[in-house]
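Quick mapping for you: the protein sequence lines, in order, are chains G and H.
The first sequence runs 58 to 218 under my numbering.
The second sequence runs 58 to 218 under my numbering.
Backbone N, C-alpha and C fix where the C-beta goes; we use that ideal spot for every residue, glycine too.
Protein chains: 2
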Amino acid sequence: MIMKNRNERLMEIRRLIGSMNISSQDELNKLLEKRGYELTQATLSRDLKYLKVAKMPDDQAGYVYILPDKEQVVEETELSGQGLSGLISIDFAQGMAILRTLPGHASSIAYTLDNLDVYEIAGTIAGDDTILLIPRDGVTRSDLVNLLKIRMPGLLQEPAQ
Amino acid sequence: MIMKNRNERLMEIRRLIGSMNISSQDELNKLLEKRGYELTQATLSRDLKYLKVAKMPDDQAGYVYILPDKEQVVEETELSGQGLSGLISIDFAQGMAILRTLPGHASSIAYTLDNLDVYEIAGTIAGDDTILLIPRDGVTRSDLVNLLKIRMPGLLQEPAQ
DNA sequence: GGAATAAATGTATAAATTTGCATTTCGTAT
DNA sequence: ATACGAAATGCAAATTTATACATTTATTCC
Numbered sequence: 058m059i060m061k062n063r064n065e066r067l068m069e070i071r072r073l074i075g076s077m078n079i080s081s082q083d084e085l086n087k088l089l090e091k092r093g094y095e096l097t098q099a100t101l102s103r104d105l106k107y108l109k110v111a112k113m114p115d116d117q118a119g120y121v122y123i124l125p126d127k128e129q130v131v132e133e134t135e136l137s138g139q140g141l142s143g144l145i146s147i148d149f150a151q152g153m154a155i156l157r158t159l160p161g162h163a164s165s166i167a168y169t170l171d172n173l174d175v176y177e178i179a180g181t182i183a184g185d186d187t188i189l190l191i192p193r194d195g196v197t198r199s200d201l202v203n204l205l206k207i208r209m210p211g212l213l214q215e216p217a218q
Numbered sequence: 058m059i060m061k062n063r064n065e066r067l068m069e070i071r072r073l074i075g076s077m078n079i080s081s082q083d084e085l086n087k088l089l090e091k092r093g094y095e096l097t098q099a100t101l102s103r104d105l106k107y108l109k110v111a112k113m114p115d116d117q118a119g120y121v122y123i124l125p126d127k128e129q130v131v132e133e134t135e136l137s138g139q140g141l142s143g144l145i146s147i148d149f150a151q152g153m154a155i156l157r158t159l160p161g162h163a164s165s166i167a168y169t170l171d172n173l174d175v176y177e178i179a180g181t182i183a184g185d186d187t188i189l190l191i192p193r194d195g196v197t198r199s200d201l202v203n204l205l206k207i208r209m210p211g212l213l214q215e216p217a218q
């Protein structure tokens, strides 16, 4: 049986937790099984620790898992202002993202992106008006686009597929 | 032995969790004991659920409890802009807080405060330029001042004690 | 006040999560 | 290819957390 790799699984876990209310590791594990992943609850516990997923009380479901939101904290402060306003577009090639920026803006934007400290971004390299963003394995285009949209609403235009 | 009441305990739990890294309910319970509270882990579990305290993985401590942060989410959007800019001052009397606002601003600010949906605020009543804010039992002045400071940095001047 | 009702808590137990240790898998260098 | 070290995982036990049920404590309504 072909075992999908860990990074794909981690991304799938993020997607699941981000898109629905999940109350226990067993519940999450069943969802993962349906998607072709096979693992024990112990591994799941470690995955959630790695992803910094928190379990929070919820009126409806009792308890739900939530993704870490350095996002809201860092983002609103660092990005909304002028932090990322020089960003022009995103494109994808060779499994990586190429961000175009205004001349001279690349390194500061890349710096900001690095400091988001999000799972999806493995690293960045900046030139003068271009940033090469290396996504972690398993991260899709739309994952990245969504990520960036959240952080710079209005600034980002959908890249041509 | 005089048992401090539940609300005081809940506030103390919030303070403890907000100010230090706590990794388990037993650990928290011991801290509470030192402060004169006596309760079982079961009650603590219920308290944490009531307070919507989440347990999140942490590089240092393994796991730590964190306070819910509707704050950052709601706040940045609803308040930073003009939502609370009409607020002038805070004062305290009879265990309640009296907020002064620009004329006509009271009810909209009170509405915003209500929708913060934070534990500390039991309720509000607004006139034209004054808001009566009823804190929950056990909530101190500085609790409230800190709460408001977080939401409207710069807008709030320390009230005369 | 006293009965009735609801809220809070304890006890004991079940459920859920974490972790030490052994094993397997994977990558890398020889 | 083989050997080595590191990373990932499973298994089982320990720890931690949640909850059903009973009891106590507080509140409300006559």
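For chain G, is any of its Cβ atoms less than 8 Å away from the one on residue i?
{"i": "LYS219 of chain H", "result": "Absent from the model: residue 219 of chain H. The displayed extent of chain H is 58 to 218, so no value can be given."}
{"i": "LEU136 of chain H", "result": "Only weak support exists for where LEU136 of chain H lies, its pLDDT of 41 falling under 50; the coordinates are left without a value."}
{"i": "GLN139 of chain H", "result": "Because GLN139 of chain H sits at a pLDDT of 39, beneath the cut-off of 50, its placement in the model cannot be relied upon, and the following sentence gives the value as read from the coordinates. False, the Cβ-Cβ gap to chain G never drops below 8 Å."}
Could you tell me which chain H residues have their CB closer than 9 Å to the CB of residue i, listed as they occur along the chain?
{"i": "MET113 of chain G", "result": "LYS109, VAL110, ALA111, LYS112, MET113, ILE123 and PRO125"}
Helix, strand or coil for residue i? Go by DSSP, reduced to three states.
{"i": "SER146 of chain G", "result": "strand"}
{"i": "ILE155 of chain H", "result": "strand"}
{"i": "GLY93 of chain G", "result": "coil"}
{"i": "ASP116 of chain G", "result": "coil"}
{"i": "ILE166 of chain H", "result": "helix"}
{"i": "LEU204 of chain H", "result": "helix"}
{"i": "TYR176 of chain G", "result": "coil"}
{"i": "LEU108 of chain H", "result": "coil"}
{"i": "LEU88 of chain H", "result": "helix"}
{"i": "LEU189 of chain H", "result": "strand"}
{"i": "ILE79 of chain H", "result": "coil"}
{"i": "MET100 of chain H", "result": "One point to set straight first is that residue 100 of chain H is Thr, not Met, in the sequence displayed. Residue state, collapsed to three classes: helix."}
Is there at least one Cβ from chain H nearer than 8 Å to residue i's Cβ?
{"i": "LYS106 of chain G", "result": "yes"}
{"i": "LEU67 of chain G", "result": "no"}
When you measure from the CB of residue i to every non-hydrogen atom of the ligand SAM, does any distance come out below 7 Å?
{"i": "ILE191 of chain G", "result": "Ligands are entirely absent from the displayed structure, and the ligand SAM is therefore not among its contents."}
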